[in-house]
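Numbering (the numbering used here), first residue to last: 1 to 303.
Every residue gets a Cβ at the ideal spot worked out from N, C-alpha and C, and that includes glycine.
What you are looking at is a predicted structure, and each value in this text was computed from that prediction instead of being measured.
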Amino acid sequence: MFGLSALRAQKKIFLFICSLSSVLILFCFGISAVAEPAKSYKARILVEGALVYQKADYDSAVLGTLKEKQVFEVSLKSFSGFHRIRVGSKIGYIVESDLEPINFEFESQKKSKAAAKNKKSKKQAERDQPRRKRPFALSRFVGPAIAMINFTENTMGSKLSESEIFYGVKLSGTDVLIEGDIDTEINLMFRYGAPGYYQTFTGQSASGWNLITDFQLQNVSTLSPIAIGFFGFGPMFRFSKFDVALKDSGVTTAYSATDMVLGAAFSLGLGVRTGAVALRSEFKYYWEKTQYSGLTAALQFDF
Numbered sequence: 001m002f003g004l005s006a007l008r009a010q011k012k013i014f015l016f017i018c019s020l021s022s023v024l025i026l027f028c029f030g031i032s033a034v035a036e037p038a039k040s041y042k043a044r045i046l047v048e049g050a051l052v053y054q055k056a057d058y059d060s061a062v063l064g065t066l067k068e069k070q071v072f073e074v075s076l077k078s079f080s081g082f083h084r085i086r087v088g089s090k091i092g093y094i095v096e097s098d099l100e101p102i103n104f105e106f107e108s109q110k111k112s113k114a115a116a117k118n119k120k121s122k123k124q125a126e127r128d129q130p131r132r133k134r135p136f137a138l139s140r141f142v143g144p145a146i147a148m149i150n151f152t153e154n155t156m157g158s159k160l161s162e163s164e165i166f167y168g169v170k171l172s173g174t175d176v177l178i179e180g181d182i183d184t185e186i187n188l189m190f191r192y193g194a195p196g197y198y199q200t201f202t203g204q205s206a207s208g209w210n211l212i213t214d215f216q217l218q219n220v221s222t223l224s225p226i227a228i229g230f231f232g233f234g235p236m237f238r239f240s241k242f243d244v245a246l247k248d249s250g251v252t253t254a255y256s257a258t259d260m261v262l263g264a265a266f267s268l269g270l271g272v273r274t275g276a277v278a279l280r281s282e283f284k285y286y287w288e289k290t291q292y293s294g295l296t297a298a299l300q301f302d303f
């Protein structure tokens, strides 16, 4: 009888200890939950077309863009100047300078405000800040270009062609002529001298110059952090002036052939980037009074 009573007493003590432990565990868990700071906050997007990256790295893939004044949950923790953000079912990273926290401020933003003495407009602030490093597909470059163009024209009663080397400049990327993340390209190519078929046809030397320029909207695909592929199309303009001489019955007659035309240009090419330098090569097709093609290469620099 005594043994049974002792067993019951031990059982009650065991249940009491278990209950007390459970209460202590729940109490401690509640305290830690209250003490733990929130890991994410709501923030407003400051700029139109803010980029969301796959990783906290400017060279990582771009998952998409966000509209100005949209509100999202972002991480309090900073990842080298980025904050984690959830957009729908995707999780990415956004640059801190594109965010305006609601009801609180990031530490870096507090320091920036404390240092600023004068209010500036958003446009002025953007002009004062250095252009941040961006992915290849969303950067802009300018540099010298060289092209081999199989120039063709209807002249002297025939359709004549000559492969000629043109020199010029290529400007490509975003924020070139159209504001925003829209890829465009401008080419300005010049050749001094007349096509060789004039001398072949007339037997007399010829001189002059030829200017070909085009503007294109481009569709760019990221092949790797340092390589892109692209194709584009847009309007072109050509202005040429060739001074030619004809000799007939011992009499030489000089005349000037001037031409000014509008047309369209199409391109397909590849680009490779290393740091602030890029190399682009492309095939181009020109459609105007006549149709002809060419190959272009450019050495460009980020700006």
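In this structure, L295 and A147 form a Cβ contact; the two beta carbons are roughly 7 angstroms apart against a cut-off of 8 angstroms. A check of alpha carbon separations from L223 across V62, E48, Q204 and D181 identifies V62 as the nearest. Per DSSP, T290 lies in no beta strand (DSSP E) segment and is marked neither H nor E. Looking only at L177, T174 and V244, the smallest Cα-Cα distance to F201 is reached by V244. In the structure shown, the three-state DSSP call for G92 is strand. Cβ-Cβ separation between F151 and N187: approximately 15 angstroms, too far for a contact (criterion under 8 angstroms). Nearest in C-alpha terms to M189, of all of R238, E162 and I102, is R238. Cβ contact annotation for G203 (same chain, cutoff 8 angstroms, sequence separation greater than five): K247, in chain order. Nearest Cα to S97 within the set A43, D59, F136 and F141: A43. With respect to V95, G81 sits close: the two C-beta atoms are nearer than 8 angstroms. Relative to the Cα of Y167, the nearest Cα in the group T184, V220, T213 and A206 belongs to T213. Under DSSP, L51 takes part in a beta bridge, and its partners are T65. Our two residues, Q216 and Q199, have alpha carbons roughly 34 angstroms apart in a direct line. Contiguous alpha helix (DSSP H) elements confined to the region 178-236 occur at 196-202, taking only those with 4 or more residues.
The criterion of a C-beta distance shorter than 8 angstroms is not satisfied by Y93 and K39. Residue environment: Q291 is assigned as exposed (fewer than 16 neighbouring CB atoms within 10 Å of its CB, all protein chains considered). Counting every other CB atom within 10 Å of its CB across the protein chains shown gives P235 a total below 16, marking it as exposed.
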